[in-house]
Every structure is written in structure tokens, then in C-alpha cells.
Amino acid sequence: MMQLVCKKIFLIMLNLLLLDQDSILMILKLTRHWRIVSGIGLLNDGMILTSILRRKTPSDCTSFRLSFLWDQYADALSQLGFDYEVLAEQEGDAALGNGGLARLAACQMDSLATLDYPAWGYGLRYQYGLFRQIIVDGFQHEQPDFWLNFGNPWEIERVHVSYPVKFYGTVEEEVLNGKTCRVWIPAESVEAVAYDNPIPGYGTRNAINLRLWAAKPSDQYDMESYTTGDYINAIVNRQKAETISNVLYPDDRSYQGKELRLKQQYFFVSASLQDIIRRFKDLHNNFDEFPEKVALQINDTHPSIAIAEVMRVLVDEEHLDWSKAWGIACKIFSVTIHAVQPEALEKVPIDLLGSVLPRHLEIIYEINYCLMEELKKILGQDYDKLSRMSIIEEGAVKCIRMANLSLACCHTVNGVSRLHLETLKTRVFKDFYELWPQKFQFKTNGVTQRRWIVVSNPSLCSIISKWLGTEAWIRNVDLIAGLREYAEDPDLHAEWKNMKKVNKMRLAEYIETLTSVKVSLDAMFDVQIKRIHEYKRQLLNILGIIHRYDCIKNMDESDKRRVVPRVCIIGGKAAPGYEVAKKIIKLCHVVADKVNIDPDVGDLLKVVFIPDYNVSVAELVIPGTDLSQHLSTAGHEASGTGCMKFLMNGSLLLATADGSAVEIAEEIGAANMFLFGAKVDEVPALREKGTSLKGSLQFARVVRMVRDGHFGFKDYFKSLCDTVEEGKDFYLLGSDFASYLEAQAAADRAFVDQEKWTQMSILSTAGSGKFSSDRTIEEYAEQSWGIEPCKCPF
Ligand code: AZC
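Be aware that the sequence shown starts at 1, since it is given in this note's numbering, and climbs by one per residue.
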């Protein structure tokens, strides 16, 4: 048996992805980890190949260490009569998550593997990932994403790794060794079967595992049904079992009160914990060392039921006394919150929880009782505060506040940017912060340069390696700051511009194939790609485009010659039930329809909506972007990670002082980006004032154009216009509009001076080092998990 070198066996609970996975839990556990690595070792070449083959753009990254394998593979394919590029395009994304949260987790898995941390990721193997967006007449339609249609060659089905997950039933009292115990008698059992997705690190022999659970019918349950003679029901129930991991919920903000969602969460949590505890018990015969060996990271509030599950296992199954079990739970769990909006903090109705997981409800009541007793000692009779901090929310529908459950238990509560932590401290979790300030930390998000530069922008990868004289930045991204020294070098400028042009060409071809719109490569490619949300303010972008259009229409020919041509690209999915977001997509299309064929405008302005935005699309769009937009109302974007991908790729950022953009400005210098809009502490007063339309005549004019049917669909857009009407403009589009237009004008002026622009672009890439997920993961390892890298010894 390998000596324990690392301090901990380590578990992380996350909601994550492979490319894009929603629910994950990771373990890091040294001894077993090494055994697993050696297991993977058998497949190691295959694994390395896996990571290479996932790259869709091999071309000119000659510096990439493993490109020789790529070439060999492409050669072998061509001898079989297949074109590598064409074949690679056939592979869809594993879109097993909704948006930023899941994409962040993918980056973190890459960093954990590369930095040699002994980590496991856990999640659900949904059969239907996030819906495919198709656009019909400018309207979003959703189509199922049955991504497993042709199988998934990257996974390993572990038929022998499966656990029963129980639901429903009753709780009864039993006397065991003279002690009265509560015992859960479940009524349904579903089998969780493991599918492993190895994730190889870069430049190391370390590989980690993303274990995804699929629901299968449990034979145990069927046996019972057969004996009662209910054959048909037994078959129907077998099929029902599989529905648990069938489909990902497509709304990234609210899942409130859905039975299937709760079952998915518990299914994921229960199977993962059984796997973790089984592994721990292989080596230990009591739980004293559990916190020394295990760390669990709860990624957002969705897997918080894990806290109650750990308590149930320790108290009911392992027969630890309550306070010992609670002590262990408090040491192993930490949580990251990824949201600002209260509706994203999950709540589960008591009736629902009591029916699906009756014993867990009892346990949560008990945890809450202890919490309230502890708080009363500190807060006395402050019942308002006590009721705000309670895990139970009273009201018409009594609910469990999953966030409060996490806060009561976890030893650290992380925000995802410095500003976000402030919001958590001063608004969302103010009461908890006042009580336990030491729990609150932040780890600014990061993205992996290995996917977002090396894989998706191979030409940039070559340039960076050439100018730094080393590829070491791929593992040690701080080195990228070395580019600053050459930010004014004309030779680097020439290479940089050429790289951007080639990437723009690729993007232009893609746009033409998809939308039949021809765009000029001389235009500024201006991009906003992300989930469609009111707070992300795609509407502000479109209204800005309308303003630009309106100005061009009213110009004479000599003025037009001074206009910087733009291609405005927007992409993103709206949650299927989110009407306002869907109207924003339609507005984008009607504006595009009018602008793109207007002879007065020509190449000065083109508007493009890229359908079905996903990770693969981002890999193509981001390298070809000149300017990217991040427009959330200050205080609403927890961090944002798209901005970091753009930054790495040398796109200039037009952004509000929100989320991680504040820290980006510090790193690259505010003069190298275009900041605008209200600051977070100005927002409440602006909302009070409610002066949106009066605040800006220009804003009033563009909203009026939409209202009056200038782009058609007058009635359809009425309710959308109402959302920004005076007094109702919650996201402050009106009051930020003038400042937004100024920032846009500044971007235009900068673009005219191409040398200046290129310099700013180089400085953006050079300043992106801090926003690598390698740094984020090192902070988690040190501050939240207390672990160190464990280098694979063979
Ligand atoms: C997102 C946040 O909105 C985004 O600001 C952040 O960068 C990202 O998490 C990673 O931390 N949150 C979500 O995507 N939330 C859900 C529920 O999907």
C-alpha cells in the first residue's frame, strides 16, 4: 500500500460538467487515487489521445506538445478515407449543464488534474443534456439533445460499480442495543450505475475521474413487485426509475418545488456518498479520521441535501451519536455560492421533502432546532433575525432553505469574486456574516488556458510560446505577463493582427453558413454570448444597436465615412419558460432583418444572432472577437467567466464594474478596457429615483422605435418595452444608457488606431494570468480543503 503523503483524502461536492455538466461531487483521496491512476495507466495512451481528439482545431499549433499524435491520428484516418476535421465536427458537446456554473467546473477539473491534486468529480449522466436551440422566424424553439444517440466513446461504463438509492416510505422507531433509533423504511429503490470519464492533466501523468451516475431499475424492487403478482406495474416502474437521470432542468435560476429535481439531487448525492464512504471504509474501521481524509465541496446550493444524508448515514447507519456526527459534517463540507439573486437559492417545500425523503426532513428539523438553540444564546429574542436565519421558511408554502442548511454546516462559504463576496456579506447572507465572519471567503473564478487558448486558439498559443521562448506558461500561466514587454513591438503586432484576422475569417465563414449574412473582416467583431437574462442586459445591447442604426440612417455620406463598421454578434439560450428572454431573442432577429438588408447601412452595421450557443461555438467565436460585452447591472453577476476567456484571447472588454470585471480592470488597467455604468453602491439610489426614460432622451427614442413597431411585432414587444419603462426599469437600462453609448464610442475611437488597439489586446492577454482556474484551484486547495499536490510516482 502506498504511503500517505497528502494530508487528506479529499472530497469535493460540486455541480459541474464534463464539457458542461451540472451536478458534481469530487473526492480527492490519495491512496485510492493512486490506485485509480494506475488503473488508468493501463489506458493511459488512450486517455492522452482522448484529450487530444477532443480538440477540434488542430491546424497550426505546432508547439503543442502532443500534436504529433494528432497528426498521426489524422493521417491514419485519411488512409481510411475520413477527414479528421469533418469527423471531429460530428461530435456534439456533452451539454450536461446550464451555463457558467457548469463551464467553470469543467475548467476546475482540468486544473485539478494538471496541478496533480487528487480529486474526483461526481455528477449525473443525463441522457438529454441542455436543449438545442433552433430559431424559426426569429423565435427560439427547444429541441431535445439526445447526445448519447451514437454512444459516448470517452466514457467507461462500470457495470460493477452501482449503488441502490432509496426514496419515499416511512420512518419508524426501533430499539437497538437498548437505544431507541429512527429507521427509514424506503418504498422505492433505484440503482445508480457509474460511468467514468477520465480527465488527464496536461504535462503530468496524473489523471482524475469524473464519475457520472445513470439511473437503472433496481432488481430488488422488481422482486417485490413480482411476488405480489403485479407484473405490468413492475415493468412500468422499471422504466420510471430511469427517468431520474433522463433530463437536465434547463432553467439556470429556479428549480423550486419539483419532485423530479429533488430526486435527481438526492440520487446524485446518495450514490456519490456511498461511493466515497465505501472507499473510506476499505481502509478505516471508524470515522475518526474522516475529516482528515475527506473534503466535500458543495457547488452552489443544489447538492446541499448531502449534509442531511451524511448525518443520516453517520447517525442511523453507522450509529455515531448526533453531536459527533455533526462535528464531522461541519469539518468536511464547504460551499461555493454562484448566485446573487435570491430566486437562485433553492428552496424545497416541506411536504415534498417529507414525502420523497421523510427521514431527511426529520434530520433537517433536528439540525434547525440545534441551530436555533445556538442562535438564541447569541441573539436572544431577536425573532426577526432568527426567522431569517432559520432553515425552515414559514409562509403559505413552508419550505427548506437549502442555502441556510449549507451555511449552518459548512466551514467555509465562498463567493466567486471579491465583489460577489461583498454582496453575500452585506445583502444575501448578512445575518450569517455578522455571526460567523470567519466562514466567509472568496475565490475569484478562473478558466483553463489549456482549453481556452491552447485548444481553441492554436495560433495564439504558438505566438505566446514563441515570444516567451517557452511553453511553460501552459502550466504556469503567470509567465504570460512576460508579453507586456513586447506590447509595442511591431513584429509581435504583425503576428497578432494576422492571428486575429485568420480567426475572424473562420468566424465569418461560420456566420455566413449559419445565417447567410456576409460580414466584412475590416469591421469590429463585437460579441455578447451568454445565457439570455434580463440582468445580463442583452436588451441594452440591442437598444444600443438600434441607436447606432438610427444614427447611421440620419448621417450624410461624409459622416458615414467616419463610422467604424461593426458586426454585432449575439448568442445565448433562454430558459424555455422565460418569456422576456425569448422576446429579447426575437427582438434581436427583427432588428437584424431590418438592418442587414438596409442599403443605407451596408457594411457599416451587421447584426447576427448565432443559434445554439454552446462550448464548441464559444471555441470558435471567442478567438475571432475584437470587442466583447459584459453588461450586467452592477451587483448582479456573481463573477462571469466568459469575460476571462475573451480576455485570454485578446478581445477588449466593454463591461460594467460587476463581478470579476472589477478585478480584471485592476490587472490590465482600466485604461485597457471600456468600463461604464452605475457602480454597485449607486444602484439602490438609482432604483429609488426611477428616472429611466427621462434620464436619456436617446434611450427614450430607441424604446419608442420598438414600441411603435419600427421593427414590426408591435404588440409582441409591448411587454418587453414595459420592463424598461420609467419606474419599472429594475435593471437600470435607462440610467446606464448614456454611459453605455459613451463606452461604445470610446471603443470605436480606439479601433480606428489599430496599433493602439493591438497593444491593448496584447495587454489583455498578458494580464489574464490571474484568471486561470489553476490559481482558483490552488486557493481552494490551500484555504478551503487543506490539501497539497500529490505527484503520481510512476
Ligand atoms: C453562474 C454565475 O451567474 C456567474 O456569474 C458565475 O461566473 C458562474 O456561476 C460560475 O461561478 N451561476 C450559474 O450558472 N448558476 C446556475 C444555477 O446555473
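From the three backbone atoms N, C-alpha and C, an ideal C-beta is built for every residue, glycine too.
Coarse secondary structure for residue i, derived from DSSP in three states
{"i": "T448", "result": "coil"}
{"i": "L419", "result": "helix"}
{"i": "C792", "result": "coil"}
{"i": "V315", "result": "helix"}
{"i": "G571", "result": "strand"}
{"i": "Y163", "result": "strand"}
{"i": "P217", "result": "strand"}
{"i": "F131", "result": "strand"}
{"i": "G624", "result": "helix"}
{"i": "P458", "result": "helix"}
{"i": "S696", "result": "coil"}
{"i": "F737", "result": "helix"}
{"i": "C181", "result": "strand"}
{"i": "A745", "result": "helix"}
{"i": "D75", "result": "helix"}
{"i": "I298", "result": "strand"}
{"i": "A678", "result": "coil"}
{"i": "H710", "result": "coil"}
{"i": "I232", "result": "helix"}
{"i": "A781", "result": "helix"}
{"i": "T470", "result": "coil"}
{"i": "T723", "result": "coil"}
{"i": "L124", "result": "strand"}
{"i": "N554", "result": "coil"}
Status (buried if at least 16 other CB within 10 Å, exposed otherwise) for residue i
{"i": "D478", "result": "exposed"}
{"i": "Q754", "result": "exposed"}
{"i": "K606", "result": "buried"}
{"i": "K443", "result": "buried"}
{"i": "L176", "result": "exposed"}
{"i": "F139", "result": "exposed"}
{"i": "I664", "result": "buried"}
{"i": "E742", "result": "exposed"}
{"i": "F82", "result": "exposed"}
{"i": "M797", "result": "Nothing about residue 797 can be reported from this structure: the residues present for the chain run from 1 to 794 only."}
{"i": "F751", "result": "buried"}
{"i": "C790", "result": "buried"}
{"i": "D736", "result": "buried"}
{"i": "R561", "result": "exposed"}
{"i": "D71", "result": "exposed"}
{"i": "M376", "result": "Before going on, a small fix: residue 376 reads as Lys here, not Met. Per the 10 Å Cβ criterion, exposed."}
Bounding residues of the beta strand (DSSP E) (the contiguous stretch that carries residue i)
{"i": "F150", "result": "Premise fails: F150 is in no beta strand (DSSP E) and is neither H nor E."}
{"i": "V348", "result": "K347 to P349"}
{"i": "N197", "result": "E188 to P200"}
{"i": "D526", "result": "M524 to I529"}
{"i": "V397", "result": "Note, V397: premise wrong, no beta strand (DSSP E); not H, not E."}
{"i": "K606", "result": "L605 to I610"}
{"i": "D145", "result": "F139 to F146"}
{"i": "Y84", "result": "No beta strand (DSSP E) holds Y84; the alpha helix (DSSP H) holding it covers Y84 to E89."}
{"i": "A655", "result": "L652 to T656"}
Residue interval of the alpha helix (DSSP H) (run including residue i)
{"i": "D491", "result": "P490 to T515"}
{"i": "P291", "result": "F290 to K293"}
{"i": "S761", "result": "Q754 to A766"}
{"i": "Y365", "result": "P358 to L379"}
{"i": "F796", "result": "Since the first residue of the chain shown is 1 and the last is 794, residue 796 is not available in this structure."}
{"i": "T114", "result": "G100 to T114"}
Residue closest to residue i, alpha-carbon to alpha-carbon, out of the options
{"i": "W120", "options": "M109, L77, R427 and P250", "result": "M109"}
{"i": "Y716", "options": "V590, V310, I762 and Q629", "result": "V590"}
{"i": "L647", "options": "H420, N554, A76 and N672", "result": "N672"}
{"i": "E364", "options": "A306, G415, L419 and L320", "result": "Note that residue 364 is Ile in the sequence shown, not Glu. Ranking A306, G415, L419 and L320 by Cα distance to I364 puts A306 first."}
{"i": "K324", "options": "I453, V567, N286 and L296", "result": "N286"}
{"i": "N299", "options": "G415, D93, N206 and L262", "result": "G415"}
{"i": "A215", "options": "W473, R158, I542 and S768", "result": "R158"}
{"i": "F440", "options": "R450, Q449, V502 and T423", "result": "T423"}
{"i": "A657", "options": "M372, T723, G640 and A339", "result": "G640"}
{"i": "V429", "options": "G446, W452, L405 and N445", "result": "It should be pointed out that residue 429 corresponds to Phe in this sequence rather than to Val. Checking every option, the nearest Cα to that of F429 belongs to L405."}
{"i": "A523", "options": "H533, V564, L435 and T513", "result": "V564"}
{"i": "I532", "options": "A574, E779 and L514", "result": "A574"}
Would you call the region 553–573 and the region 526–542 touching, i.e. three or more CB-CB distances under 8 Å?
yes
Okay, do the region 248–264 and the region 113–129 touch, 3+ Cβ pairs below 8 Å being the bar?
yes
Counting pairs of Cβ atoms below 8 Å between the region 275–286 and the region 236–245, do you hit three or more?
no
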